[in-house]
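The block underneath contains the structure these notes are about, expressed in structure tokens.
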């Protein structure tokens with residue numbers, strides 16, 4: 066697997082999960 070493609074996938078996952086963490090923090 067290409068390293069750059071792996072980094073893009075990881076970054077995409079981070080961006081997708083970021084709003085989830087924001088929602089969890091808002092509920093506390």
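In my numbering, the protein residues as written are 66 to 93. For each residue, glycine too, the CB sits at the ideal point set by N, CA and C.
Alpha carbon of residue i to alpha carbon of residue j, nearest angstrom
{"i": "residue 73", "j": "residue 82", "result": "14 Å"}
Close Cβ partners of residue i (< 8 Å) along its chain, the five nearest in sequence each way excluded
{"i": "residue 76", "result": "none"}
Own chain, CB closer than 7 Å to residue i, minus 5 neighbours either side, in chain order
{"i": "residue 93", "result": "none"}
{"i": "residue 90", "result": "none"}
Neighbourhood of residue i by C-beta, 6 Å cutoff - its chain only, sequence neighbours within 5 removed
{"i": "residue 68", "result": "none"}
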